[in-house]
Amino acid sequence: MGAVKSKRMPRAVREQQMLDAAVRTFGQRGYMAASMDEIAELAGVSKPLVYLYLNSKEDLFTACIRREAKALTVAVRAGVDPALPADRQLWDGLRAFFTHTARHPDAWSVLHLQARTHGEPFAAEVASMREEIVAFVTGLIVVAARAAHRDPDLAEREVAGLAEALVGAAESLAAWANVTPGVSARQAAATLMNFAWAGLGNLMDGRPWSPPEPVHEAVG
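In the numbering used here, the protein residues as written are 2 to 221.
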């Protein structure tokens, strides 16, 4: 009897295997230092096969960005139950964000560090993901304002600014937490929640902070 031939791995499975290897390599070594030879070896395939599936290093990197961006946004949205109170929604969203970035530090490095510093096409992919998350957070802030029955008509520009600030803080905090021993996803989420919710509470209570009036010194 002849040898039994093993089944070929489905293309989709093989491609994900390559992306796994690429995310790890790009995340740890950086886009410029990463080589297709290294990625192919880590994936357990030949370099020509990587090129056959994903065309070029640029296309491979773009595929990594798109996959990891989608995974992050899905994780954040899945972590939030719209039936819960506004503060709980925000807390759950932050915890989902920090949990995902902590579990996938190489993916977060690709999104937060590598993609933003190696050309406009890559940066644009991340910007699209960020816009989706900012829009989601904006919705949570609006829900919080309405649920509090304090300022249901909080200015759209102010809400958008708060969402941008919150997302930016979450990005920086995730990068810090991933390289700081002993900082859990829950701790990172609690830190930002305390910072953000206290400010939102004051704003919705009609007690926003105002900068002091400028002092005009007399010219001698």
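Every residue gets a Cβ at the ideal spot worked out from N, C-alpha and C, and that includes glycine.
- Counting the other Cβ atoms within 10 Å of the Cβ of residue 84 gives fewer than 16, which makes it exposed.
- Within the model, the alpha-carbon separation for residue 82 versus residue 96 is close to 13 Å.
- Rounded to whole angstroms, the separation of the alpha carbons of residue 187 and residue 120 is 33 Å.
- When rounded, the separation of the alpha-carbon atoms in residue 181 and residue 22 is 24 Å.
- In the three-state scheme derived from DSSP, where H, G and I count as helix and E and B as strand, residue 31 is classed as coil.
- One thing to note: residue 87 has its Cβ within 8 Å of the Cβ of residue 141.
- DSSP, read as helix, strand or coil, puts residue 119 in coil.
- In the DSSP annotation of this structure, the continuous segment of the alpha helix (DSSP H) that includes residue 110 starts and ends at 106-110.
- Assigned with DSSP and collapsed to three states, residue 15 falls in helix.
- With a 10 Å radius around the Cβ and a threshold of 16 neighbouring Cβ atoms, residue 110 comes out buried.
- Nearest to residue 196 by C-alpha distance, out of 14, 171, 123, 67, is 171.
- Around residue 47, the same chain offers 41 as residues with beta carbons nearer than 8 Å, after the five sequence neighbours per side are excluded.
- Residue nearest to residue 67 within the set 193, 24, 53 is 24 (criterion: CA-CA distance).
- Taking all protein chains in view, the Cβ of residue 69 is crowded by 16 or more other Cβ atoms within 10 Å, so the residue is classified as buried.
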